[in-house]
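Peer 1: According to numbering that gives the first Met the number 0, the residues represented by the sequence shown are 0 to 137, in order.
From the three backbone atoms N, C-alpha and C, an ideal C-beta is built for every residue, glycine too.
It should be emphasised that the depicted structure is a prediction, and the values quoted were computed from it without experimental measurement.
Quick one: the structure is below, and I'll ask about it shortly.
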Amino acid sequence: MPIVFDPGKEGLEKVLRDYQIEALRVVWANAERGVTSREVWESVKKALEGVKTISRASIINFLNTMCDDGILRYKEETCKGGMRRKYFPALDEEGFKKYIAQTVIESLLRDFPEQTLEAIREALGRHPELADKLRSLL
């Protein structure tokens with residue numbers, strides 16, 4: 000899924016729609032047992048009740064795209080109607096946030112290397128505590 004970054008939004012809303020955030024939260028909350036698309040859809044539908052309606056197909060498409068991108072994984076299992084997928088996190092929430100940051104920074108470095116490095120230097124100058132943390136990581 001191509002990342003569309005909106006710096007005017009807060010948190011995960013910078014890169015995901017409300018129903019997508021809710022869907023990932025359901026998967027993350029059920030990491031051990033996994034969840035079916037129906038369970039995710041029902042939970043998202045309830046969370047957004049009165050605000051928005053979302054189709055089950057939209058949930059399935061999103062979950063499968065997240066699998067294709069390595070953010071989620073799935074296991075197929077037999078059920079009464081044939082086969083179904085149970086979804087599990089491949090990345091937890093912190094891992095997903097790192098994936099987003101890494102993807103955005105690498106894209107900027109590829110297309111605007113000098114400007115990106117200068118912007119990072121300036122941003123760290125405004126946040127010395129983060130500059131210290133970065134030095135300790137290097």
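Under the DSSP definition of a beta bridge, which residues are partnered with Y18?
Peer 2: Note: Y18 sits in no beta bridge, so no partner.
Peer 1: So what does DSSP say about L138, is it helix, strand or coil?
Peer 2: Only positions 0 to 137 of the chain appear in this structure, which leaves residue 138 out of reach.
Peer 1: Closer than 8 Å is the cut-off here; do at least three beta carbon pairs connect the stretch 74 to 92 with the stretch 43 to 56?
Peer 2: Judged by Cβ distances under 8 Å, the stretch 74 to 92 makes no contact with the stretch 43 to 56, as fewer than three pairs qualify.
Peer 1: Rounded to the nearest angstrom, how far is the Cβ of S54 from that of R84, given a contact under 8 Å?
Peer 2: Their Cβ separation, rounded to whole angstroms, is 17 Å, which puts S54 and R84 out of contact at 8 Å.
Peer 1: With distances taken between CB atoms, is the gap from E21 to V3 smaller than 7 Å?
Peer 2: Not in contact: E21 and V3 (Cβ atoms no closer than 7 Å).
Peer 1: Assuming the contact rule is C-beta atoms closer than 8 Å, V39 and L15 should be a hit. Round their C-beta distance to whole Å, please.
Peer 2: Actually they are not in contact, since the Cβ atoms of V39 and L15 sit about 14 Å apart, beyond 8 Å.
Peer 1: Classify K114 as buried or exposed, calling it buried when 16 or more other Cβ atoms lie within 10 Å of its own Cβ.
Peer 2: What sits at residue 114 in the sequence shown is Gln, not Lys. Q114 is exposed by the Cβ-count criterion.
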